[in-house]
């Protein structure tokens, strides 16, 4: 289905720089940022826009954004993360060949069947090079892991 893999699991590129490297410290940090968010319930939530910088700069706003997912009365069926490449130029949408992204909180599984369908339709190309150093998606994952059960 995919070209030669760099790795089955994409390793963290910015743990310890953009967010805490240790699982317990990361969990505490994310939970604190989520708990500081404005308490509001929503129904019909179809997406959130969240910043993707280091938590010291954008964690409070990311906490606000992801807390909406936690409080959404009809939770998401699928999560689609879209982020800009900062280090490697790309044309179009590029997905990694990995089956999961690792964070200090555990692995986040990628729906490789969905990615394969998008690739087969010509909507996505598979390339690990832009994803290897990239932080845009990685910094979102601990928030998702904290607010979603699966």
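Residue numbers (our numbering): 1025 to 1174. Even for Gly, the Cβ is constructed at its ideal location relative to N, Cα and C.
Rank the options by C-alpha distance to the C-alpha of residue i and give the top, closest one.
i            : options                   : result
residue 1063 : 1073, 1146 and 1091       : 1091
residue 1087 : 1127, 1055, 1172 and 1141 : 1055
residue 1071 : 1085, 1102, 1058 and 1080 : 1102
residue 1115 : 1140, 1038, 1154 and 1096 : 1154
residue 1041 : 1073, 1074, 1047 and 1078 : 1078
residue 1043 : 1084, 1034, 1138 and 1061 : 1084
residue 1050 : 1060, 1039 and 1076       : 1039
residue 1143 : 1131, 1035 and 1119       : 1119
With DSSP as the reference, label residue i as helix, strand or coil.
i            : result
residue 1111 : coil
residue 1042 : coil
residue 1135 : coil
When you compare only the Cα positions, how much space is there between residue i and residue j?
i            : j            : result
residue 1028 : residue 1165 : Unreliable positioning characterises residue 1028 in this predicted model, as indicated by a pLDDT of 43, which lies under 50. The coordinate reading is nonetheless provided below. Cα to Cα, the separation comes out at about 25 angstroms.
residue 1146 : residue 1152 : 17 angstroms
residue 1082 : residue 1140 : 32 angstroms
residue 1117 : residue 1149 : 6 angstroms
residue 1132 : residue 1169 : 8 angstroms
residue 1075 : residue 1167 : 12 angstroms
What are the partner residues of residue i, as DSSP defines its beta bridges?
i            : result
residue 1066 : 1096
residue 1124 : 1033 and 1133
Three or more C-beta pairs below 8 angstroms linking the stretch 1097 to 1107 and the stretch 1147 to 1164: By the criterion of at least three beta-carbon pairs nearer than 8 angstroms, the stretch 1097 to 1107 is in contact with the stretch 1147 to 1164.
Inter-stretch contact at 8 angstroms, needing at least 3 Cβ pairs: the stretch 1064 to 1079 / the stretch 1124 to 1143: With a cut-off of 8 angstroms, the stretch 1124 to 1143 and the stretch 1064 to 1079 do not count as touching, because too few Cβ pairs lie within range.
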